[in-house]
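Protein chains: 2
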Amino acid sequence: MKKVSISDIARKAGVSVSTVSFVMNDKAVKMRISREVIEKVENVAREMGYRPNQLARGLRTGKTKTIGLIVENISNAFFAKLAKSIEDEAKKYDYKVVYCSTDNDEDKARDLINMLSQRQVDGYIIVPTLNLAEDIRKLQAENKPVVLIDRYFPQHDEIPAVLVDNYEGVSGGMEYLIGKGYRKVVLVTIETEMAHMKDRLRAYYDVLNRHGIAPVDGFVKVVPYESDRETALKEVEDLLAGAGTAFDAVFFLTNYLGVLGIEAIKKLQIKVPGQLAVLCFDDNDIFRLYTPTISVIRQPIEAIGQKAMSTLIERLRHTGEEAFPENAPLMLIADLVKRESI
Amino acid sequence: MKKVSISDIARKAGVSVSTVSFVMNDKAVKMRISREVIEKVENVAREMGYRPNQLARGLRTGKTKTIGLIVENISNAFFAKLAKSIEDEAKKYDYKVVYCSTDNDEDKARDLINMLSQRQVDGYIIVPTLNLAEDIRKLQAENKPVVLIDRYFPQHDEIPAVLVDNYEGVSGGMEYLIGKGYRKVVLVTIETEMAHMKDRLRAYYDVLNRHGIAPVDGFVKVVPYESDRETALKEVEDLLAGAGTAFDAVFFLTNYLGVLGIEAIKKLQIKVPGQLAVLCFDDNDIFRLYTPTISVIRQPIEAIGQKAMSTLIERLRHTGEEAFPENAPLMLIADLVKRESI
DNA sequence: GATATTGGCTAAAACGATTTAGTTCTTTTC
DNA sequence: GAAAAGAACTAAATCGTTTTAGCCAATATC
Numbered sequence: 002m003k004k005v006s007i008s009d010i011a012r013k014a015g016v017s018v019s020t021v022s023f024v025m026n027d028k029a030v031k032m033r034i035s036r037e038v039i040e041k042v043e044n045v046a047r048e049m050g051y052r053p054n055q056l057a058r059g060l061r062t063g064k065t066k067t068i069g070l071i072v073e074n075i076s077n078a079f080f081a082k083l084a085k086s087i088e089d090e091a092k093k094y095d096y097k098v099v100y101c102s103t104d105n106d107e108d109k110a111r112d113l114i115n116m117l118s119q120r121q122v123d124g125y126i127i128v129p130t131l132n133l134a135e136d137i138r139k140l141q142a143e144n145k146p147v148v149l150i151d152r153y154f155p156q157h158d159e160i161p162a163v164l165v166d167n168y169e170g171v172s173g174g175m176e177y178l179i180g181k182g183y184r185k186v187v188l189v190t191i192e193t194e195m196a197h198m199k200d201r202l203r204a205y206y207d208v209l210n211r212h213g214i215a216p217v218d219g220f221v222k223v224v225p226y227e228s229d230r231e232t233a234l235k236e237v238e239d240l241l242a243g244a245g246t247a248f249d250a251v252f253f254l255t256n257y258l259g260v261l262g263i264e265a266i267k268k269l270q271i272k273v274p275g276q277l278a279v280l281c282f283d284d285n286d287i288f289r290l291y292t293p294t295i296s297v298i299r300q301p302i303e304a305i306g307q308k309a310m311s312t313l314i315e316r317l318r319h320t321g322e323e324a325f326p327e328n329a330p331l332m333l334i335a336d337l338v339k340r341e342s343i
Numbered sequence: 002m003k004k005v006s007i008s009d010i011a012r013k014a015g016v017s018v019s020t021v022s023f024v025m026n027d028k029a030v031k032m033r034i035s036r037e038v039i040e041k042v043e044n045v046a047r048e049m050g051y052r053p054n055q056l057a058r059g060l061r062t063g064k065t066k067t068i069g070l071i072v073e074n075i076s077n078a079f080f081a082k083l084a085k086s087i088e089d090e091a092k093k094y095d096y097k098v099v100y101c102s103t104d105n106d107e108d109k110a111r112d113l114i115n116m117l118s119q120r121q122v123d124g125y126i127i128v129p130t131l132n133l134a135e136d137i138r139k140l141q142a143e144n145k146p147v148v149l150i151d152r153y154f155p156q157h158d159e160i161p162a163v164l165v166d167n168y169e170g171v172s173g174g175m176e177y178l179i180g181k182g183y184r185k186v187v188l189v190t191i192e193t194e195m196a197h198m199k200d201r202l203r204a205y206y207d208v209l210n211r212h213g214i215a216p217v218d219g220f221v222k223v224v225p226y227e228s229d230r231e232t233a234l235k236e237v238e239d240l241l242a243g244a245g246t247a248f249d250a251v252f253f254l255t256n257y258l259g260v261l262g263i264e265a266i267k268k269l270q271i272k273v274p275g276q277l278a279v280l281c282f283d284d285n286d287i288f289r290l291y292t293p294t295i296s297v298i299r300q301p302i303e304a305i306g307q308k309a310m311s312t313l314i315e316r317l318r319h320t321g322e323e324a325f326p327e328n329a330p331l332m333l334i335a336d337l338v339k340r341e342s343i
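Which chain is which? The protein sequence lines are A and B, in order.
In case it helps, this note's numbering puts the first sequence at residues 2 to 343.
In case it helps, this note's numbering puts the second sequence at residues 2 to 343.
In structure tokens:
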């Protein structure tokens, strides 16, 4: 059984293809199609189970009603939730989302952009990797709107971005730790040259400095992104072995690192918060259920998704030729969720 | 800056559109295009950054090199991993995957099938909901291959399915519990008429029966799918309040229920396995990290993804007109991961 | 009563590819 | 040296839509 096309409908209803198209697109009234013909066409279309071919439609109109979402890794809880919120939001605007993961690899990111571009998505929401600004500029040059999320390019404010205020988030966390009397705070971060991580790191040093605490060599542990789970776990374990003596608190800068940290803490049987206070950037189910529960800096995931989507929609609707006004990245506030670990 | 099309290349290279097409599709040799022309075209295409429009290509060829993946909820760890494994596998065969969630709602599932069908995906991998068999038959009638995963329709063996052997999995879990001396086992399951859950339930009763244990009224708790997280949690809490006296073990039949159960157990401060032995169908990061660690029946997620994908590919390549041979659902073995909770 | 206007439709181009059936030279073949 | 074969391309149809321009008859306008 073949699919039914608009011309099948036209033939069966005894009208032209154009007429069917007008009826199917609610342009029948504007095109002054008579009441009877409209009904006739609608009935035939229903009977035959007609579904317009979106490839043909997209080819003709240049619009696919699809947006491309590129995240780091869809199986990570943070990105999964972000994706879900964007998808739900997109549905409200009648857009479909197709998503894919870069695994933080810039070549893979480029491939994905190409792939989505070939599939003619109307716009993009991207969690960028390093060195992706040029590729994104090209999309913009083709008049395809792009909104960055979670990360941004500070020197490119012509690319809109929606993210959490990382500097304020980490500052708040550090102030909380220090306010509770912890002055020897170890930071576990992921290797990255990207601005959002630099902002987090800068906040760490600034807060220490503000309190007259000298940063200690080796207190900032950088886990290389490429290391596999086992290696990374080993590194975190080695670091945390010094808990309680060399340092009294640890601040994990990502959700992934936090989970790894929990695993190490469990293995090493470190008493939290007795021996070690623990704080993590980004929430995760595990942090709520672990004993003790882990305090976190929680990002407003839904809000990021909604704001990114509304920013994108605004640009999708802005059909004018003139470039869109430049704008600074939109930074939302992350809040501190106090639990038992500090 | 507009996108460059095949005719832009043709014009600039001074050849016909056909020639460009042949070169771009590696049919140049078969079509006896000369070495110089091939190079010329390739250079121009590279310089201009030509990327074929997949809508046009798909419209013409009827193949989009895209498969539709419909799962229950992409933000659930089990489905997220399944999706990732299918995506990775698809890449090997040069297919792109677009995925979406039904939230277990059969109307939503139908809408998604329609949406994917309009976008002309070449094939489907579906975690079906109730009453979806007819809609799937329609896809097959249109010559679009479908492979079910995780669930199946026992009375429809013309729809291929890849899933775990649920009956054997639960049997194994029950035998383990009973072997360890637990004879009062509570089962927490999700409301469903679907065969895979019936298989699990049947295994529960069969094993009890085999050991001469009479099933107790109220020992099988069914959490309605529609209930929100809070309500469901409350129900599980109420149930588990009797732990240690009325019953001595609990078997959660899904990952989601297990996590909910952990939350309840934590809240009620139930001693595991002292007061209550805990076992769950499906693994989850939390089960590895919770104290005590939770034993699980682990599904071979990667294998399910790979087998589903290879089954689908086989059918995608099978262009013949005659229907594909019918076949029983392919059932893979789940293994028991023994941890501390039992 | 000729000309505009309106109502109700349709023809055909266009989107960007793929693919079949040619076309035009040049080289073999007998 | 005419016919056949081969080499190197190209024209045009096609996929399923949308959309612009236009056709024809009936009615309104002067």
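Note that beta-carbon positions come from the ideal geometry of N, C-alpha and C, so glycine has one too.
Does any residue of chain A have a CB that is nearer than 8 Å to the CB of residue i?
{"i": "A81/B", "result": "yes"}
{"i": "Q121/B", "result": "yes"}
{"i": "D106/B", "result": "no"}
{"i": "V99/B", "result": "yes"}
{"i": "V338/B", "result": "no"}
{"i": "V260/B", "result": "yes"}
{"i": "I302/B", "result": "no"}
{"i": "I127/B", "result": "no"}
{"i": "A110/B", "result": "no"}
{"i": "S118/B", "result": "yes"}
{"i": "M195/B", "result": "no"}
{"i": "E115/B", "result": "According to the sequence shown, residue 115/B is Asn rather than Glu. It does; some Cβ of chain A falls within 8 Å."}
So is residue i in contact with chain B if we call contact Cβ pairs under 8 Å?
{"i": "I150/A", "result": "no"}
{"i": "I75/A", "result": "yes"}
{"i": "K267/A", "result": "yes"}
{"i": "S19/A", "result": "no"}
{"i": "E264/A", "result": "yes"}
{"i": "K272/A", "result": "no"}
{"i": "K85/A", "result": "yes"}
Can you give me the Cβ contacts of residue i inside the same chain, cut-off strictly under 6 Å, excluding the 5 residues immediately before and after it?
{"i": "P155/B", "result": "A196"}
{"i": "K66/B", "result": "Y96"}
{"i": "V237/B", "result": "L261, G262, A265"}
{"i": "L83/A", "result": "I302, G306"}
{"i": "A278/B", "result": "Y183, A250, I343"}
{"i": "P274/B", "result": "S342, I343"}
{"i": "K424/B", "result": "Here chain B comprises residues numbered 2 to 343, so residue 424/B is not present and cannot be evaluated."}
Once the 5 residues before and after residue i are set aside, which same chain residues still bring their CB inside 8 Å of it?
{"i": "Y94/B", "result": "M310, I314"}
{"i": "D106/B", "result": "T130"}
{"i": "V24/B", "result": "I34, V38, I39, V42, E43, A46"}
{"i": "L178/A", "result": "V186, A250, F252, A278, L280, I343"}
Taking 7 Å as the limit between beta carbons, can you name the residues of its chain near residue i, skipping five residues before and five after?
{"i": "S102/B", "result": "V72, E73, N74, I75"}
{"i": "A233/B", "result": "V224, L261"}
{"i": "M332/B", "result": "L164, V165, D166"}
{"i": "E135/B", "result": "none"}
{"i": "V18/A", "result": "I7, S8, A11"}
Per DSSP, residue i is paired with what?
{"i": "F252/A", "result": "L188/A, L280/A"}
{"i": "G69/A", "result": "V99/A, Y125/A"}
- Members of the segment 46-72 of chain B near chain A, C-beta cut-off 9 Å: Here the close residues are G50, R52, P53, N54, Q55, L56, A57, R58, G59, L60, T65, T67.
- Query: For the 8 Å Cβ check, are there 3 or more pairs between the segment 8-25 of chain B and the segment 182-192 of chain A?
  - Reply: These segments do not touch.
- Query: Quick check: the segment 263-270 of chain B against the segment 200-213 of chain B, are there 3 or more CB pairs under 8 Å?
  - Reply: By the Cβ rule, the segment 263-270 of chain B does not count as touching the segment 200-213 of chain B, because fewer than three pairs are nearer than 8 Å.
- Message: Under 8 Å, with one C-beta from each stretch per pair, do the segment 146-165 of chain A and the segment 115-129 of chain A reach the 3-pair mark?
- Response: Touching, per the Cβ criterion.
- Query: Taking Cβ-Cβ distances below 8 Å as the criterion, which residues of the segment 274-297 of chain A are in contact with chain B?
  - Reply: Listed by position along the chain: D286, I287, R289, L290, Y291, T292.
- Message: Within 8 Å, do at least three Cβ pairs link the segment 17-29 of chain A to the segment 41-58 of chain A?
- Response: Flag = yes, the segment 41-58 of chain A and the segment 17-29 of chain A touch.
- Given 8 Å, three or more beta-carbon pairs between the segment 107-124 of chain A and the segment 291-301 of chain A: Touching, no, given that fewer than three Cβ pairs across the two stretches are closer than 8 Å.
- Message: Would you call the segment 206-214 of chain B in contact with the segment 168-183 of chain B, where contact means no fewer than 3 C-beta pairs closer than 8 Å?
- Response: Under the Cβ criterion (8 Å, minimum of three pairs), the segment 206-214 of chain B counts as touching the segment 168-183 of chain B.
- Task: Scan the segment 134-167 of chain B for residues whose Cβ lies nearer than 7 Å to a Cβ of chain A and list them as they occur along the chain.
- Result: Residues passing the 7 Å Cβ filter: A142, E143.
- Item | chain A contacts from the segment 2-29 of chain B (Cβ-Cβ distance under 8 Å) | Taking 8 Å as the Cβ-Cβ cut-off against chain A, the residues of the segment 2-29 of chain B that qualify are M2, K3, K4.
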